[in-house]
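Here is the structure we will look at.
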Amino acid sequence: MTWHFDHLAFNAPDGQPIQDAFNVLLGLTPGRRPPFPFPGRWLYQDGEALVHVIEQPALDEAALSHIAFRTDEDAAVVLKRVQGSGLPYQVGQVPEDGIWQIFVQMPGGVVLELDVKTSIL
Numbered sequence: 186m187t188w189h190f191d192h193l194a195f196n197a198p199d200g201q202p203i204q205d206a207f208n209v210l211l212g213l214t215p216g217r218r219p220p221f222p223f224p225g226r227w228l229y230q231d232g233e234a235l236v237h238v239i240e241q242p243a244l245d246e247a248a249l250s251h252i253a254f255r256t257d258e259d260a261a262v263v264l265k266r267v268q269g270s271g272l273p274y275q276v277g278q279v280p281e282d283g284i285w286q287i288f289v290q291m292p293g294g295v296v297l298e299l300d301v302k303t304s305i306l
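Residues 186 to 306, numbered by the working numbering, are exactly what the sequence shown covers, in order.
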């Protein structure tokens with residue numbers, strides 16, 4: 186099974202400081218974001234979204250939310266592997282894009298988002 190880095194995601198009370206920092210340091214610029222039911226922004230380099238910011242005004246400061254990887258492997262195979270790990274997970278789907286997301290709670294508190302294109306259901 187081959188995995189590719191997809192993006193980092195941050196939870197933040199306001200996404201502008203993160204956007205500004207990534208722009209100054211790496212030249213990332215804001216771009217298209219699917220219509221998730223919560224506020225946020227995506228930052229791009231060369232047409233690829235590398236940083237996602239999930240805006241949560243109730244937070245005091247920004248924190249890493251998750252690290253995402255993608256694969257072309259069949260979703261059923263990925264889900265079976267996740268289930269076999271015994272780690273807690275949740276499944277979601279990107280609105281309008283059809284990408285399935287499996288969020289896995291890793292030891293130490295880091296969450297991995299595993300993205301697959303084929304249907305899980």
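Quick reminder that beta carbons are idealized off the backbone N, C-alpha and C, glycines included.
Owing to the predicted nature of the structure, the values given are computational and were not obtained by experimental measurement.
Through-space distance from residue j to residue i, alpha-carbon basis
{"i": "Val238", "j": "Tyr274", "result": "21 Å"}
{"i": "Ala197", "j": "Ser270", "result": "30 Å"}
{"i": "Gln278", "j": "Phe221", "result": "10 Å"}
{"i": "Val276", "j": "Gly232", "result": "26 Å"}
{"i": "Gln201", "j": "His192", "result": "18 Å"}
{"i": "Glu240", "j": "Gly212", "result": "21 Å"}
{"i": "Val267", "j": "Arg226", "result": "28 Å"}
{"i": "Gln286", "j": "Leu228", "result": "19 Å"}
{"i": "Gly293", "j": "Leu272", "result": "12 Å"}
{"i": "Ser217", "j": "Lys265", "result": "Before going further, note that residue 217 is Arg rather than Ser in the sequence given. Cα-Cα distance, rounded: 32 Å."}
{"i": "Pro215", "j": "Phe207", "result": "10 Å"}
{"i": "Gln204", "j": "Pro280", "result": "23 Å"}
{"i": "Leu210", "j": "Ile284", "result": "29 Å"}
{"i": "Ala234", "j": "Asp282", "result": "14 Å"}
Cross-strand partners of residue i (DSSP beta bridge)
{"i": "Ala248", "result": "Asn196"}
{"i": "Gln275", "result": "Phe288"}
{"i": "Glu281", "result": "Looking at the DSSP assignment, Glu281 forms no beta bridge with any residue, so it has no partner."}
{"i": "Asp300", "result": "Arg255, Gln286"}
Cβ shell of residue i (< 8 Å), same chain only, five flanking positions each side left out
{"i": "Leu297", "result": "His251, Ile252, Ala253, Phe254, Phe288, Val289, Met291"}
{"i": "Thr256", "result": "Met186, Thr187, Trp188, His189, Val263, Leu299, Asp300, Val301"}
{"i": "Asp245", "result": "Pro198"}
{"i": "Ala243", "result": "Pro198"}
{"i": "Val236", "result": "His192, Leu193, Ala194, Phe195, Ile203, Phe207, Leu213, Trp227, Leu228"}
6 Å Cβ shell around residue i - same chain, five flanking residues per side excluded
{"i": "Asp259", "result": "Thr303"}
{"i": "Phe223", "result": "none"}
{"i": "Pro219", "result": "Val279, Pro280, Glu281, Asp282"}
Continuous alpha helix (DSSP H) stretch holding residue i: start and end
{"i": "Val263", "result": "260 to 270"}
Residue i, enclosing beta strand (DSSP E) - first and last residue
{"i": "Val295", "result": "Val295 -> no beta strand (DSSP E), and no H or E assigned at all."}
Residues near residue i in its chain [Cβ-Cβ closer than 7 Å; skip 5 each side]
{"i": "Val295", "result": "Ile252"}
Quick check for students: name the residue ranges of the beta strand (DSSP E) that lie wholly in the stretch 198 to 245, counting only runs of 3 or more. Whole beta strand (DSSP E) segments, 3+ residues: 214 to 216, 225 to 230, 233 to 240.
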